[in-house]
Structures are given as structure tokens and as C-alpha cells.
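A quick write-up on the structure given underneath.
There are 2 protein chains.
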Amino acid sequence: MSAEKEYKVIGTRPIRHDGVDKVTGRALYGADFQAAGLLQGRVLRSPHAHARINSIDTSQAEAHPGVKAVVTSEDLTAAQDKMVNLGEGAANLKFMCDNILAREKALYQGHAVAAVAAINGHIAEEALELIKVEYEVLPAALEVRAAMKKDAPLVHENLKTDEMGKKSEKSSNIASRFQHKKGDVDKGFAEADVVLEHGFVTGTVHQGYIEPHNASASYNADGELTIWCSTQGSFNARGQVAEILQHPVSKIKVVPMEIGGGFGGKISVYLEPLAALLSKKSGRSVKVLMSREDVFESTGPNPASYVSVKIGATNDGRITAAEAYIAFEAGAYPGSPVGAGAMCVFSPYKIDNGFIDAYDVVVNKPKTNAYRAPGAANVAFATETVIDEICEKIGMDPLDFRLLNSAKEGDARVDGPVFPRVGIIETVEAAKEHPHYSAPLEGKHRGRGVASGFWPNFAFKSSVSINVNPDGTISLVEGSTDIGGSRASIAMQAAEVLGIPAESVHPTVVDTNSVGFTDVTGGSHTTYTTGYAAHNAAQDIKGQMMERAAKLWEVDATEVEFADGVFRYVNGKEEEIDFKALAGKLDQTGGPVMGSATVAPSGPGASIGTHVVDVEVDTDTGKVQILRYTATQDAGKAIHPSYVEGQIQGGAVQGIGWALNEEYIYNEDGQMTNASFLDYRMPTCYDLPMIDTVIVEVPNPGHPFGVRGVGETPIVAPTAAIANAIYHAIGVRMRELPMSPGRILKALGKI
Amino acid sequence: MSAEKEYKVIGTRPIRHDGVDKVTGRALYGADFQAAGLLQGRVLRSPHAHARINSIDTSQAEAHPGVKAVVTSEDLTAAQDKMVNLGEGAANLKFMCDNILAREKALYQGHAVAAVAAINGHIAEEALELIKVEYEVLPAALEVRAAMKKDAPLVHENLKTDEMGKKSEKSSNIASRFQHKKGDVDKGFAEADVVLEHGFVTGTVHQGYIEPHNASASYNADGELTIWCSTQGSFNARGQVAEILQHPVSKIKVVPMEIGGGFGGKISVYLEPLAALLSKKSGRSVKVLMSREDVFESTGPNPASYVSVKIGATNDGRITAAEAYIAFEAGAYPGSPVGAGAMCVFSPYKIDNGFIDAYDVVVNKPKTNAYRAPGAANVAFATETVIDEICEKIGMDPLDFRLLNSAKEGDARVDGPVFPRVGIIETVEAAKEHPHYSAPLEGKHRGRGVASGFWPNFAFKSSVSINVNPDGTISLVEGSTDIGGSRASIAMQAAEVLGIPAESVHPTVVDTNSVGFTDVTGGSHTTYTTGYAAHNAAQDIKGQMMERAAKLWEVDATEVEFADGVFRYVNGKEEEIDFKALAGKLDQTGGPVMGSATVAPSGPGASIGTHVVDVEVDTDTGKVQILRYTATQDAGKAIHPSYVEGQIQGGAVQGIGWALNEEYIYNEDGQMTNASFLDYRMPTCYDLPMIDTVIVEVPNPGHPFGVRGVGETPIVAPTAAIANAIYHAIGVRMRELPMSPGRILKALGKI
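Quick note, the sequences are listed as chains A and B, same order. With the first sequence counted from 1, adding 17 to any position gets you the working numbering. With the second sequence counted from 1, adding 17 to any position gets you the working numbering.
What follows is the structure, given as C-alpha cells:
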């Protein structure tokens with residue numbers, strides 16, 4: 018489907034600006050950082066899921082001649098002196114610090130306990146073995162429902178909340194609880210002809226980015242701290258390190274190196290404060306790297322969860338009421354994405370009577386973190402499966418059911434916000450019109466499933482500056498780290514404004530000292546917000562260039578017109594000059610031209626996708642094969658269609674992995690038994706068909722080019738779409754993720 | 018003397034922002050660049066001052082297993098295909114290219130002939146010996162006056178200029194000639210009671226920066242070229258490399274590393290194109306370093322010169338006419354700073370009748386380049402010595418003579434420009450009032466000399482952007498490489514505007530992709546022009562912050578006042594908030610604040626200094642000891658007085674070295690025999706008294722804070738002041754530099 022406006026650059030598919038560097042290996046990632054006398058840092062981690070730390074003896078490690086610094090939580094006292102009260106959520110400073118280096122207790126296997134810097138990595142690893150930690154092993158809370166029970170082991174002895182998440186005299190593992198209500202649920206269910214309610218379980222899954230975490234730091238004698246790291250947000254990393262080290266934010270410069278994937282997992286800092294402390298102590302630059310095992314055990318996966326959804330509908334397919342109970346594992350510290358889960362559980366639909374009851378629960382697992390549409394896939398798995406069951410019960414096509422119930426402009430979500438223009442129905446229509454949906458699906462144990470996925474998208478803050486080069490190109494300076502092609506999608510928006518080719522924009526992602534504040538590349542906001550800033554900065558440049566043309570022609574700037582990359586003056590004498598030629602005349606018209614813009618927009622525009630999947634189940638082995646997969650999604654306006662398609666494909670594939678294989682497998686002591694890419698089974702190209710994509714364009718009124726974020730939505734629908742397809746293939750409803758061969762066989766009663 | 022306005026930050030002496038990094042060794046200079054698989058480059062240079070290159074055989078070097086690339090002038094064909102006509106001066110592209118790698122002929126000892134990149138520096142050096150060059154040695158033109166003779170060996174066979182510098186059928190070594198005339202010189206001399214004329218000779222002197230040249234390059238598969246180097250101007254280096262390689266300017270990113278001195282000598286590129294070519298050919302990153310010998314023999318020293326000055330004056334001390342003949346050695350290619358010499362030769366004085374005749378002459382020596390007030394010291398040595406002789410003849414105090422004849426606002430220079438407000442007389446008065454000038458000077462062979470030095474200063478182009486941090490500091494982004502404390506002097510101007518401490522500004526010198534065009538740190542323009550841009554960018558920030566305050570208070574922005582770092586609203590309700598507190602509220606008032614400014618101002622404001630020196634001459638050894646030295650100088654407004662004093666001291670010391678010891682010593686074949694810091698005798702702390710400085714502040718009307726450039730002026734006066742002091746000590750007039758022990762003894766008739 019085409020957008021409403023005609024563009025010259027937007028909607029084309031130029032080669033990404035960082036492409037050649039990345040495919041030829043020239044791009045510098047965090048691990049590539051080098052410096053004279055660079056030390057290597059390594060981290061000692063708890064082998065126990067829950068243990069009191071009675072003592073840490075670092076003396077032997079410190080005595081090793083190759084070891085230049087050892088740090089423990091004792092070195093984080095600046096922040097701990099400012100310890101804030103417990104129970105205040107994700108920004109709790111003590112929690113942030115304790116997750117960097119465990120203080121009284123180790124709260125999960127992999128929890129950092131100490132770090133060393135040595136003259137090489139081998140010695141650093143040796144030195145870890147010289148650190149003697151005396152642990153008192155404690156029983157662990159390992160699963161959300163068990164952890165909510167009154168007699169569960171307490172992750173935090175003094176997290177004083179009751180089962181309602183309210184302040185209490187008594188401690189519990191419930192960090193917080195909140196509810197959303199809309200209409201009259203009881204009345205709604207009473208109006209229903211069909212009411213179904215089921216509980217759904219999802220496992221802990223990791224973002225699985227290819228590049229492990231890394232951080233290098235140089236802490237100079239005057240307290241100026243430079244950090245080189247692969248992060249989704251350099252300013253965010255700067256802010257976190259400032260808090261954790263209680264060091265002025267302006268004395269920290271974060272240099273964002275290239276990043277090999279993040280998906281939300283590279284927003285929180287882990288190694289950065291350690292590298293800084295080790296550098297401060299050793300007086301040298303220090304690089305700290307994680308192993309893959311560290312990444313699994315010590316960073317922030319998506320929470321395991323228990324979600325129960327109850328939906329009522331009339332026989333003619335109208336939803337009358339919906340209710341959800343959502344309990345997410347926060348991991349070792351409060352702050353799961355349960356809030357986002359609650360935003361998404363019912364939002365594709367117009368629901369007049371709704372109720373959402375949400376819990377954030379601490380367990381002895383790594384502190385969870387954002388993972389692509391965090392929380393949304395957990396809840397969509399439940400909602401979209403229950404809807405499929407209702408459709409089956411009332412004998413209605415599931416896409417027709419969605420066409421009937423989809424939310425539209427002006428409808429309010431159960432959690433409050435009212436939709437501006439949104440393309441929910443349009444994605445359902447695109448799925449229904451796609452040949453895939455009407456294609457015959459023959460053969461044994463084959464089934465087709467559909468599901469929709471919703472993500473609200475976020476609008477954060479961004480800054481962009483633009484400089485005009487004498488050869489008619491522009492240099493675009495941005496603070497958004499480029500994970501998935503955002504250099505291109507941002508550059509193209511500036512190019513569109515100035516009527517120059519995308520290749521004439523040279524985008525550079527700079528450090529935190531060199532551009533205005535810019536939020537994380539996350540929340541699907543980058544192409545939206547930083548693109549918005551690029552649009553505005555380009556408008557600034559356009560205005561200045563019109564003044565230059567006016568000066569050149571000795572006319573009034575208000576009489577200069579600009580269209581299709583050409584400045585024109587038609588009032589009496591005819592003059593025209595294109596952007597490139599005018600850029601070559603800056604010296605004679607007043608010198609360099611530099612423009613900038615900062616934005617903090619408010620209308621990111623929700624995005625929805627509807628997915629159709631065909632599967633074949635091998636009932637002997639329990640293996641599910643994806644035969645065909647089609648994903649439709651509203652992109653608002655696809656700036657660079659290839660990267661939108663890539664995002665849809667990538668999200669779908671992560672969702673497929675999550676649906677069929679991925680999960681943290683713990684032993685009874687809370688130790689992860691599959692912390693490698695061999696055992697943590699992500700899909701590869703051998704497991705997948707080509708993911709077919711359909712970009713729907715319903716322009717977002719909150720962006721000058723109509724952009725909506727596209728990165729997160731596509732991970733939301735796959736789990737339910739595949740569960741529904743499995744049901745239609747073999748007649749069993751899967752309500753626990755992953756739907757791995759073992760669980761399939763179990764559902765079939767074969768084991 | 019104090020300036021007219023009161024400032025809070027300007028005029029104070031904060032620690033420079035880059036200070037701690039530099040004294041602790043953390044600052045990264047060009048030679049510190051590292052990269053995976055980095056190759057080391059070295060350059061093969063001509064041993065002959067003048068030789069035809071009949072062939073270059075690189076096959077053995079290329080066959081060496083450790084050698085990854087070899088380049089010769091054959092690799093510079095892109096530019097040579099675009100060869101421009103000869104005789105067009107400094108911008109001549111063929112000359113630029115040929116100076117990078119000699120083509121038909123080697124024109125000076127040290128002229129680059131080939132370059133290699135190898136896996137380490139030792140192999141690279143070995144490989145140089147494997148390159149076979151067949152030279153046909155030619156007679157060399159080695160001295161400006163000899164080179165101007167009709168039968169002199171021709172440096173360029175086809176530089177077709179006559180002795181007037183005009184196009185001609187016949188070739189010569191005179192690249193160009195120009196004249197300035199004012200009034201009626203014959204009439205002026207006729208009115209004089211005293212007319213004196215003398216010829217003066219100066220040797221070739223090097224800037225002597227502590228850091229040798231360096232360049233690293235990474236030429237990527239898509240033609241994106243990154244260069245890391247220690248340069249005075251990253252954009253200038255970018256532009257030169259673009260021309261030499263015929264590569265788009267926007268496909269070149271120059272990353273300016275810290276720089277260990279430049280003084281004008283690090284404006285031209287030498288190694289940068291070689292590193293780029295070697296990287297392109299090898300597919301790897303390449304670092305090329307010069308040895309100290311390379312620096313002396315192959316970079317751009319200040320020209321040797323012959324200057325004859327004739328001045329007429331009345332017995333009551335009024336100059337009636339002045340005439341100068343100036344011939345500068347350009348080195349191997351046209352383009353000495355003789356133009357600047359002509360600007361300076363008479364400019365401290367009001368001269369109604371003047372004539373200047375100037376020649377640019379090629380010789381078989383390295384192409385000369387800028388060296389701190391280029392050309393000015395050559396000519397001042399002549400003028401200021403002749404004036405001292407006139408004062409002696411008419412029995413007038415030399416400072417009184419200058420007070421009588423100094424140029425003032427409204428006076429025109431012989432070369433044309435009319436002075437705006439200028440502090441020439443004020444520096445003479447400051448010297449006269451200084452206790453030094455009236456202190457008794459007793460003892461044998463001791464004498465006191467004075468001289469004035471003039472430099473017009475330049476205004477180029479600069480860009481600055483500023484970002485506000487949430488802790489109330491600002492990040493200042495600039496393109497001016499910081500050689501002598503300009504981070505501080507620029508930051509302080511922004512701090513003054515915003516009413517925040519200098520320490521609250523975090524200046525960063527960024528690469529050419531990350532800020533607007535900014536000219537070289539040279540021409541004493543940086544504190545002036547980039548400071549001007551910082552002032553304007555800070556004004557931009559101030560305006561935006563006033564809008565934020567207005568938003569916070571829900572009032573009209575035009576009603577917000579700002580003074581002393583505090584935003585105020587007094588219309589009805591009283592509100593006030595300081596910059597820091599307001600910076601903490603950006604999120605709630607609209608997001609990040611970023612400002613920028615580009616400037617191309619036109620009123621740099623000339624600067625003059627008057628120096629007083631006491632010397633003692635050892636008539637047995639010929640050694641001249643500097644006993645006391647006082648330098649006064651008009652700074653317009655000294656932003657950071659310590660760095661102004663440092664500039665005055667540094668300039669004076671370089672002038673002292675030039676006066677007493679420094680010179681290139683050539684053998685008769687044109688080979689330099691003293692290309693080391695042991696033999697090229699620069700003054701050390703053991704040779705010098707403390708240089709006493711007096712900052713005079715006559716605000717420059719062409720700058721918002723009254724700034725004048727201060728870096729170059731102080732090198733102009735020392736040679737003549739010392740020559741005059743030597744005369745007053747031992748009664749001989751020295752007319753050749755350096756006034757080394759041998760020449761003193763010769764002048765005394767002792768050898």
C-alpha cells in the first residue's frame with residue numbers, strides 16, 4: 018500500500034552508509050578498542066543463585082604481579098552512601114549498584130562479585146581463581162508463581178510489600194502491583210455468549226545479540242572518565258555510570274563503538290562502571306569483556322511469566338469483556354517490563370469492559386531487561402491464543418474476528434490512552450488479502466495460524482546537527498547508536514528535505530561530548546525521533562541556504578523558493594541554483610553553514626502487525642517446522658523499505674525462536690544449564706523459510722513524514738500465531754513456551 | 018593596563034581543560050594511533066639537492082614478504098592528469114603533488130621519492146634500501162640572490178618568468194614579484210636629514226616543534242578515507258588531501274589528534290596523502306612517521322632571505338620615506354611568505370612615502386612554509402635595525418622615536434590597509450614605562466636594545482556548537498585544533514556569555530565530519546575567530562534558555578532577563594533561576610538544548626609588540642648572553658592572561674633562537690649538515706632569563722570581547738632588539754642572522 022505523499026529519497030533503498038565498513042570488517046566494535054598499556058579486566062561471578070557473602074579475600078589476587086587492580090562492592094561506596102529506600106522501582110540506586118557488584122548477597126548465578134584488571138586476559142582469569150569468597154548458600158526463589166507464595170524464600174529480606182504490592186510490615190517477593198480498569202467487566206462477561214479463560218507460561222529468553230558486552234575505560238588524573246562501549250544509548254550509559262559512581266555527568270564521555278545487536282539488552286550498564294573503577298584504581302586504561310556464558314547468566318533477559326487471560330464474546334464475534342492477570346519475573350531486582358505488558362495485552366482490540374491486574378515479582382535470576390517489545394510477546398501469546406479458541410467456538414474466521422474488533426482512531430485502550438490514526442485494521446486486511454491466507458494447505462499435521470501483535474512505540478529525545486560541505490554533501494551528526502540501519506533512515510530524512518541523494522549525507526554517530534542529548538536506540542524511537550530531529554535540522558539548513566542564495570542574487574531571502582533541491586528566484590529576474598552548486602559558494606556568501614535541532618516529540622504512533630504462519634508438526638519427534646510465514650505491519654511511512662522488511666523479518670525470527678526452542682533451562686539449584694549458543698537453541702537459516710513481509714503505510718500524524726517505529730512490533734505475534742497453527746495441525750492447544758519437541762510430545766500424550 | 022569592560026571569566030586564569038591529560042601522558046597524539054593490523058610506513062627521500070630521476074625500481078622492495086605496499090609518483094596520477102599551469106603560486110596542484118612525491122626531478126635533499134608500508138617499522142626501513150633510484154645529479158640553486166642571477170641553475174626548467182616575475186619566454190627562478198607604493202618616495206628622501214640603507218641576510222630556520230609529523234590512514238573499500246594526524250587544521254588537511262588524491266572532500270574524514278607544536282609548519286600535508294595511498298594499496302590501516310631528520314629536511318621551514326631597507330628621517334625624528342627590497346627563498350616550489358613580509362616591513366610606522374619591492378624565488382631547498390608571523394621577522398630585523406641606527410645618528414631615544422612615528426587609527430599602511438583602533442603607541446609606552454627600560458645596565462660589553470614587531474593577524478572561518486548538560490555544564494564542540502591553550506580561551510568566551518565558570522565548559526575538538534568548517538589554527542585567528550563563534554553559539558544557547566525559563570514560569574520569553582548567570586522575571590511575580598538549575602529542568606521544558614554558530618569575521622585587529630633586551634657579549638668566544646628581556650604586546654583583550662604571556666614568552670624565545678643560533682647549515686652540495694636538535698641549536702632554559710611580559714589591552718573593535726590574535730607578533734621583534742643590544746654592547750652592527758659566536762667574532766675582526 019502506498020503512502021499519501023510523493024517522496025524522492027524516502028521509500029528508496031540506498032546502500033546503508035555503514036554497510037561497506039561492516040561487511041569488510043573495518044567497523045570498530047567495542048572489543049576492537051586499543052590503547053597503549055591497556056589492561057584486560059575480568060569479572061568473578063557467583064556460582065550460586067542465592068547466597069550470603071560472608072567475606073571476600075582479594076589479597077592473593079592483588080599480590081599477583083600481573084594484576085593491577087581488584088575491585089569489589091567496597092569500591093562502590095560513593096553511591097551506597099547515598100543509598101535510597103527500597104521498593105522504589107527500576108531507578109533504585111542501591112539496586113543498580115548491587116547489580117554491578119553484589120554487596121550483602123549474591124542474588125543469582127552469574128551475579129558479579131569482584132573484578133580484576135591484569136596485564137592480559139589470561140592473568141586476569143587466573144586472578145579470579147585467587148579471590149576467595151565465603152558464601153552461605155540460601156534457598157532460591159526461581160519461578161514467578163512460587164516466588165509469590167507466602168513461604169517462598171525472600172530474594173530481598175527487606176522488600177516490604179504485601180501481595181497487593183503495597184508497603185507492608187512484612188517482606189515479600191512482590192515488588193509492585195498495579196491495575197487498569199475500563200467499563201464494567203462483570204456486565205461485559207454477562208453479555209457474552211462465549212467466555213474462555215486460560216493460563217499461559219513463558220520461559221526466560223535472551224535477546225541473543227551476536228556481540229557480547231564490552232567496556233573500556235580511561236579514568237584520568239583529573240577525574241575525566243572516557244568509556245568506549247557497545248551500547249544502545251551513549252547518553253543513557255553516561256547517566257547510569259554517573260549515578261553508580263556518583264561522578265558528574267559532564268566528566269564522563271561515552272564513546273559509542275559499533276554495536277553487534279542489542280534488542281533492549283544493551284541499555285543497562287554492566288561492565289562500564291567496573292572498567293571505570295579498575296581504570297581509576299590502576300591508573301591505566303582497562304578493557305572488560307564478557308564471555309557468551311557471562312552474557313546469558315549476567316545480563317538482562319526477557320522475563321519468564323505467568324499470564325491468564327479471560328475473554329468474553331458474542332456468537333456474532335463481538336468482544337464484550339476481557340480480563341488479564343499478569344505476573345512477570347523481574348529477576349533479582351524490581352522492574353520487569355510488566356507495565357509494557359499491560360499496555361499491550363488487549364490494545365489491538367476495542368474493548369469496552371476490561372480489567373488488567375499486573376505483578377512485578379523478584380526471583381533469584383538475572384535482573385530482566387528490555388527485549389524487543391518487552392513484555393508484549395508474553396501477553397500476546399495468551400490473548401491471541403484465547404481469541405483463536407473463541408473464533409473456533411463461534412465458527413468465525415480469525416481475521417474477520419479481528420476486522421470486527423480492531424481498535425480504531427478515537428478508541429481508548431484498557432490502560433487509558435486514546436488512539437490517534439492507527440493502522441490496526443489495515444494490517445489485518447493486508448494479511449487477509451495476501452495470497453498466503455487463501456492458499457490451500459494440504460498434507461498431514463499441517464496447520465495455519467494467525468495472530469496480531471501490538472506495540473505502542475515510544476518517543477524520546479534526540480539531537481542532530483548538520484554541516485554543509487563544499488562539495489554539496491552534508492555531514493549529519495547524531496547521538497543515536499546505529500543498530501539496524503538508522504544512519505540510513507535518519508540521513509534519508511535530511512536528504513528528502515534538502516533535495517539531495519541519500520549518498521550525499523555523511524552520518525556520524527558521535528560521543529556524548531559532541532552532540533546534544535539523545536536517548537537510547539530503543540522503544541522503536543530512533544527513525545521516528547532522531548529522524549524528526551534530522552528533518553528539523555535540515556529545515557534549519559534549508560532556511561540558511563535560502564538566505565545564502567538571496568545574498569548571492571542580492572534579493573530578499575523571503576523571495577527565494579526551494580523545491581526539488583533547487584533554489585529559485587522568479588520575481589523579475591530568473592535565478593536558480595541547486596543545493597550542490599550553492600554549497601560550493603558558501604565562502605562568498607558568509608562562510609560555513611551549520612544547523613541543528615533538538616526534539617522531544619509526543620506522537621510516536623502505535624504499530625501493529627498481523628502474522629500468518631503455516632506449520633507442519635512431526636508427531637513422532639515433536640518437531641515443528643515452519644512452512645510459510647507472512648508478516649504484515651504498519652510502518653506509518655517506510656523510510657527505507659529494506660530495513661523495515663529486515664526489522665519485520667528479524668522480529669518474526671526471534672519470535673519463532675521464542676515460540677519453538679528458546680528458554681533458560683535451570684537446574685533445581687537455580688543454575689543455568691544451557692548457557693551457550695549450542696544449547697540455547699536459536700533458529701538458524703536452516704530452520705526457517707523466507708519471511709514474507711507486507712509493509713502497510715498508515716502515516717503517523719505525529720511525524721513530518723508519517724513514520725512509526727517498526728523494530729519491536731514484529732516479535733509480538735509469532736508465538737501465538739505458531740501456537741494457533743500447531744493447534745490447527747495436531748489439535749492440541751499449547752499454553753507453555755517454548756513449544757519444544759518435548760512439550761509437543763507431552764501435549765500429544767506421547768511422553 | 019585594564020580593558021574597558023568588567024568580565025567574570027575573561028581575564029582569569031583557570032587550568033586549561035586539556036592540561037591534566039597532557040601532563041600525565043594520557044593525551045593521544047598522532048603517533049599514539051593504533052589499529053588492528055596497522056602497517057608502518059616510511060619514506061624514501063632524495064639524498065641530492067637537485068637531481069633528475071631517471072628511474073625508480075621498486076620491485077625488490079615489493080617482493081619483500083613483510084612489505085604490503087610501495088608507492089611512487091606514479092600513484093598520484095589522478096591529480097597529475099589534472100595538472101594545472103605552472104607559475105600560478107601556492108595553490109598549484111602539480112607543485113603540491115610533486116612535493117608529496119617527486120616526479121621528474123628531486124628538488125631538494127629530503128624530497129620524498131617513494132614510500133613503503135610494511136608489517137613493522139624495521140622492515141619498512143629495510144625496504145627503503147631495496148628501492149633503486151637512478152639519479153642524474155644536477156647543479157643546485159641554494160641561495161636567494163645567487164638563484165636570481167641569469168646563469169643560475171634552474172629549479173624548474175619551465176617556470177617561465179622574467180626578473181620582474183612576469184610571464185616570459187625564458188625560464189628563471191623568480192616565481193613572482195610585486196610592489197607596493199605610497200606617496201612620493203623620492204620627495205620623501207629629499208626631505209630627510211638622514212638617509213640610511215642596509216642589506217640584511219637571514220638564514221633558513223625551522224619551527225622546531227617537539228613532535229615530528231605523523232599520519233595514519235584507513236582507506237576503506239567504499240572509498241571512505243579516514244586520516245588521523247597531528248595537524249593545525251583538520252579541514253585544511255582534508256581539502257589538501259582531496260585535491261592531491263582527487264577524491265571527494267566529503268569522503269575524507271580527518272581526525273585531529275593532539276599536536277605537539279606547529280607554528281605554521283603543520284598546515285601543509287606531507288605524510289597524509291602517502292598514508293592514504295599506502296592504505297588504499299595495501300587494504301590495511303597505515304601509520305607513517307617522520308624522524309627528526311625528516312622534519313628538518315623535508316618539511317617547510319621559514320625562508321632564508323635578503324632584505325634591504327632604506328629609511329629617511331628628519332633630525333627631529335620624523336620618518337619622511339622608507340623603501341624595502343625583499344627577496345625570499347620559496348624553497349623548491351613557489352610560495353614563500355614574502356607577501357606577509359611586505360605587509361609587515363613598515364607597518365608599525367606612519368609612513369607617507371613608501372615603496373616595497375618583493376620577490377619570491379625558488380631554490381633547491383625544502384618548500385618553505387609558515388613559521389609564526391611568517392616573513393615578519395625577516396623584514397623587521399632590517400627595519401628595526403636601520404631605525405636604531407637613525408636614532409643613534411640623530412641622538413634620539415629609540416622609544417621616543419617610535420612614539421613620534423607610530424601608526425594610529427586612520428593611518429594607512431604602505432601596502433594599503435587603513436588601521437582601525439590599534440595599540441601600537443600603547444606598547445611603546447608600556448615598554449618605556451617598564452622599570453626595565455630605566456634600570457641601570459652596568460658592566461663591560463653589555464648593551465640594551467629595543468625593537469617593535471608587527472603582525473596584521475588574520476580572521477578565517479570557524480564553527481562551534483554547544484550542548485547543555487543536565488548538571489549545568491555545557492559541551493562545546495569545535496574544529497580548531499588546540500596547540501597553545503585554545504580550548505581554554507574559546508571555552509572561556511562561551512562561559513562569559515552564559516555566566517558559568519570556565520570549568521563548566523567541556524570543550525572537544527572533533528573530526529571534520531562532526532562540526533562545521535573551521536580553518537587552521539594559524540594566523541593568530543583561533544581565539545579571535547573560534548572564540549567569536551563560541552560567543553555567538555553561547556548567545557544562541559542563552560536565547561534558548563531564556564525561552565525555557567519563560568516556559569517554566571509560564572511567561573513571555575521577551576520578558577525574561579539574563580545577567581550574571583541568572584535568568585530573571587520581574588514583571589509582577591518575581592522569579593529567578595541560575596543557569597545550572599535551569600539546565601536541570603530541560604526535560605520538563607521541551608527537551609535538549611543545542612546551539613551553534615558559524616562565523617567569517619573581517620576585523621582581526623593587528624597586534625604589535627615592543628621588546629627590550631639586555632645582553633652581554635663574551636668577546637673572547639663571541640657568545641651572546643641574554644641578561645634581561647621584557648616584551649610588551651597589545652592583546653586587545655587577554656582572555657586567559659597566562660596563555661597570552663606564554664605566547665609572548667614562546668615567541669620571544671623562538672626569536673632569540675633565531676637571533677643567536679638557529680640556521681640550516683648546508684654543504685656546497687646543498688645537503689643539510691645539522692639536521693638534529695643537537696646540531697640545530699635551539700635555546701633551552703639554560704640559555705634564557707625569565708621573559709618578562711606586559712599585556713597591553715587596546716580592545717579590538719572587530720571582536721565582541723575585543724580580542725586580537727597574540728601568537729605570532731612576539732617572534733617579530735627579538736632579532737632586531739638583540740642586534741641593537743649587541744651594537745650597544747660591543748659597537749658592531751650585525752646584519753646577518755644568526756648572530757652566532759662565529760659571526761660575532763668575525764664582526765669583531767677576531768677571526
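C-beta: ideal position from N, C-alpha, C; glycine also.
Not a single CB atom of chain A sits nearer than 7 Å to the CB of P621(B). Per DSSP, C408(B) is one residue of the alpha helix (DSSP H) stretching across A393 to I411. Under the 7 Å criterion on CB atoms, S531(A) is classed as interfacial with respect to chain B. The stretch 57 to 66 of chain B and the stretch 296 to 316 of chain B touch, with three or more beta-carbon pairs separated by less than 8 Å. The beta carbon of K304(A) does not come within 7 Å of any beta carbon belonging to chain B, so the residue lies off that interface. Listed in chain order, the positions of the stretch 249 to 270 of chain A with a beta carbon within less than 7 Å of a beta carbon of chain B are P265, V266 and S267.
In terms of Cβ geometry, S325(A) and G216(A) form a close pair [threshold 7 Å]. With contacts defined by Cβ atoms closer than 7 Å, I70(B) and T89(B) do not form a contacting pair. By the neighbour-count criterion, in which 16 or more other beta carbons inside 10 Å mark a residue as buried, G674(A) falls on the buried side. With 16 or more other Cβ atoms from the protein chains shown falling within 10 Å of its own Cβ, T529(A) counts as buried. In terms of Cα proximity to P609(A), the closest of S482(B), G464(B) and V379(B) is S482(B).
Under the three-state reduction of DSSP output, Q671(B) falls in the helix class. Taking 7 Å as the CB threshold, P609(A) lines the interface with chain B. Between A429(B) and P621(B), the CB-CB gap reaches or exceeds 7 Å. About 6 Å separates the CB atoms of V670(B) and P700(B); that is less than 8 Å, so the two are in contact. Where G329(A) is concerned, there is no enclosing alpha helix (DSSP H), although the beta strand (DSSP E) around it starts and stops at S322 to A330. DSSP lists no bridge partner for H462(B). Cβ-Cβ distances below 6 Å link M611(B) to N484 in the same chain, with the five nearest sequence neighbours on each side left out; the list follows chain order. Every unbroken stretch of the alpha helix (DSSP H) spanning 4 or more residues and falling wholly within the stretch 56 to 97 of chain A is given here in chain order: 76 to 80. With a minimum length of 4 residues, the unbroken runs of alpha helix (DSSP H) contained wholly in the stretch 189 to 246 of chain B fall at 202 to 208. In the structure shown, the three-state DSSP call for Y46(B) is strand.
Across the set A387(B), Y366(B) and N332(B), the C-alpha of A387(B) shows the shortest separation from the C-alpha of G282(B). When 8 Å is used as the limit between beta carbons, N237(A) is near these residues of chain B: V37, D38, T41 and R43, in chain order.
With a beta-carbon spacing of about 15 Å, P170(A) and Q126(A) fall beyond the 8 Å limit used to define contacts. Note on geometry: alpha-carbon atoms of R309(A) and D38(B) lie some 35 Å from one another. Short of 7 Å from the beta carbon of F579(B), and not among the five residues preceding or following it, lie these beta carbons of its own chain, in chain order: K559 and M563.
At least one CB atom of chain A sits nearer than 7 Å to the CB of Q51(B).
Listed along the chain, the chain B residues whose CB falls inside 7 Å of the CB of T525(A) are N530 and S531. Taking the Cα positions, K270(B) is about 49 Å away from L644(B). Residues of the stretch 475 to 499 of chain B with a Cβ closer than 7 Å to any Cβ of chain A, in chain order: K478, S480, S482, N484, N486, P487, D488, T490, S492 and V494. When 7 Å is used as the limit between beta carbons, V616(A) is near these residues of chain B: G608, in chain order. Cα atoms of S619(B) and G719(B): separation of roughly 7 Å, rounded to the nearest angstrom. The beta-carbon of S503(B) is placed no less than 7 Å from the nearest beta-carbon of chain A.
Residue environment analysis places G502(B) among the buried positions, since at least 16 neighbouring C-beta atoms fall within 10 angstroms of its C-beta. As summarised for the stretch 423 to 461 of chain A, the continuous alpha helix (DSSP H) elements at least 4 residues long and confined to that stretch are 441 to 450 and 452 to 455, given in chain order. Spanning the alpha carbons of Y236(A) and E228(A) requires a straight line of approximately 25 Å.
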